[in-house]
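In this note's numbering, the protein residues as written are 4 to 382.
The beta-carbon is built from N, C-alpha and C at its ideal position, and this holds for glycine as well.
Just so we're clear, the structure is a prediction, and the values are computed from it rather than from any experiment.
Data first, discussion second: the structure below is written as structure tokens.
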């Protein structure tokens, strides 16, 4: 059985990157883990029939072991009894009709019962695999039931889609809940083999199907603040230890929710976006920004200019001038090196991705452009 529910192996092993649209390949460990998850789901679905078949085999083996005696006067071993029972299921008895009444009855009961279980299981499994899309909710419920320490993502709009992309890159197992069946982003999650449940996250049964009781965290990012809060509280009722992340537009309400309802994280979309908009308007080198204890910290990208006093020096020199962190260092035509060591030499044309306070950004540009505004070394 293929874990993608009957799709080609290219869909299973070559997933679509949500940001670039380019196919990416699963790691060997992730691929085997996904196979194992689907196998456990199928075994769980048909375990009742498998238990019944195993009971028939063991009872038949025990009956042959205790009651059957060959013409030479030898009793059958337990393995011989198991083999005789298995052959009986397919109407291929390996011994003559015995004198024991119990075994005589088993000669007629075992084929009907055993073959009936096998045929029913085979037909249902075939229909489930063939009509995967028709049984998508059942498939997703089965897979989610086998997950543990996964992330439940409620809401798959633009924010939910991008959040899913980051979770995917971090190799986090995810269950998606989306109210709109015609959501254009859902196909990406389906191609990745991610369980997708169509329904209202405020309904307890939907959260139960997502196996929220065993989830590590739930991310509520619908467009409705009250719906997000209700979903988060319902998830806490199923799993008191679950980490709840809410999308909220009102920062005051987010603070009250965090303090009053003991929600682990409550983010205001507007509060998070405002610093990024303001910083981006102030300096084109800024790639991202965040408020840390009331201070604006930015991530800035600079290219070492020919006039810069940084050319020919090391990162350690730059770090002694301005308090900052070096996120990456990239030479022209080369791959970026993350968290480069302080002794890394700087040349003209090198690209640096730096994290520093917005207040120090002007001094950084002055050093890079003219070299005339060197600051006192950082103590």
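### Task
May I have the straight-line CA-CA distance separating residue 340 from residue 347, to the nearest angstrom?
If you draw a straight line from the Cα of residue 340 to the Cα of residue 347, it comes to about 10 Å.
#### Entry: Cut-off 7 Å between Cβ atoms - residues of its own chain near residue 206, not counting five sequence neighbours on either side
Residues of the same chain with a CB within less than 7 Å of the CB of residue 206, apart from the 5 flanking positions on each side, do not exist.
### Message
Suppose contacts are defined by Cβ-Cβ distances below 8 Å. Is residue 150 in contact with residue 178 by that definition?
### Response
Cβ distance < 8 Å, so residue 150 and residue 178 count as in contact.
### Task
Pick helix, strand or coil for residue 26, following the three-state DSSP scheme.
Reliability fails at residue 26, whose pLDDT of 49 lies under 50, so the model's placement of it is uncertain and no value is given.
### Query
Is it the case that the Cβ atoms of residue 158 and residue 225 are separated by a distance below 8 Å?
With respect to residue 225, residue 158 sits close: the two C-beta atoms are nearer than 8 Å.
### Query
residue 333 bridges to which residues according to DSSP?
Per DSSP, 354.
### Query
So what's residue 225 in DSSP terms, helix, strand or just coil?
DSSP places residue 225 in coil when its eight states are reduced to three.
### Query
How long is the line joining the alpha carbons of residue 116 and residue 109, rounded to whole angstroms?
When the Cα atoms are used, residue 116 and residue 109 turn out to be separated by approximately 10 Å.
### Query
Cα separation between residue 44 and residue 294?
For residue 44 and residue 294, the distance between alpha carbons rounds to 44 Å.
### Message
Give me, in chain order, the residues of the same chain whose beta-carbon lies closer than 7 Å to that of residue 274; leave out the 5 immediate sequence neighbours on both sides.
### Response
Counting only Cβ-Cβ distances below 7 Å, and skipping sequence neighbours, we find 254.
### Message
Check whether the region 354–374 and the region 318–329 touch, using three or more Cβ-Cβ pairs below 8 Å as the test.
### Response
Remark: three or more beta-carbon pairs, one from each stretch, lie closer than 8 Å, so the region 354–374 and the region 318–329 are flagged as touching.
#### Entry: Bridge partners - residue 103, DSSP secondary structure assignment
The partner list for residue 103 (beta bridge, DSSP) is empty, contrary to what the question assumes.
### Query
Opposite residue 251 in the DSSP bridges: which residues?
For residue 251, which the question treats as bridged, DSSP gives the partners 271.
### Query
So is residue 196 buried or exposed if we call it buried at 16+ other beta carbons inside 10 Å?
Classification of residue 196: buried, given that the 10 Å Cβ count is 16 or more.
### Message
Only counting the same chain, and skipping five residues up and downstream in sequence, which positions put a Cβ closer than 7 Å to that of residue 390?
### Response
Summary: the structure shown does not reach residue 390, with the chain confined to residues 4 through 382, and so no result is reported for it.
### Query
Nearest CA to the CA of residue 334: which residue from 172, 350, 217?
When only C-alpha atoms are compared, the closest one is 350.
### Query
Using the C-alpha atoms, what's the distance from residue 290 back to residue 194?
Distance between the alpha carbons of residue 194 and residue 290: 31 Å.
### Query
Name the DSSP beta bridge partners of residue 233, please?
Residue 233 pairs with nothing; no bridge assigned.
### Query
Going by alpha carbons, who is nearest to residue 60 out of 72, 35, 227, 91?
Per the Cα distances, 91.
### Message
From the DSSP secondary-structure annotation, give me the bridge partner or partners of residue 123.
### Response
According to DSSP, residue 123 bridges with nothing at all.
### Task
Can you have a look at residue 218 and say buried or exposed, based on whether 16 or more other CB atoms are within 10 angstroms of its CB?
Per the 10 Å Cβ criterion, buried.
#### Entry: Buried/exposed call for residue 260, threshold 16 Cβ in 10 Å
Taking every protein chain shown into account, the CB of residue 260 has 16 or more other CB atoms within 10 angstroms, so this residue is buried.
### Task
State the CB to CB distance for the pair residue 308 and residue 371, rounded to an integer number of angstroms; the pair is presumed to be in contact (CB under 8 Å).
Contact annotation, residue 308 with residue 371: C-beta distance approximately 6 Å; criterion of less than 8 Å satisfied.
### Message
Between which two residues does the alpha helix (DSSP H) holding residue 181 run?
### Response
Looking at the DSSP string, residue 181 is not in any alpha helix (DSSP H); the run it does join, the beta strand (DSSP E), is 177–181.
### Task
Could you please give me the residues that DSSP links to residue 291 through a beta bridge?
Paired residue(s): 302.
### Message
Measuring alpha carbon to alpha carbon, tell me which residue in 66, 228, 286 is nearest residue 84.
### Response
Of 66, 228, 286, the residue nearest in Cα terms is 66.
### Reference residue 244, options 252, 63, 257, 220, closest by Cα
For the residues 252, 63, 257, 220, the minimum Cα distance to residue 244 belongs to 220.
#### Entry: residue 75 versus 98, 88, 55, residue with shortest Cα-Cα distance
Measuring from the Cα of residue 75, the nearest candidate turns out to be 98.
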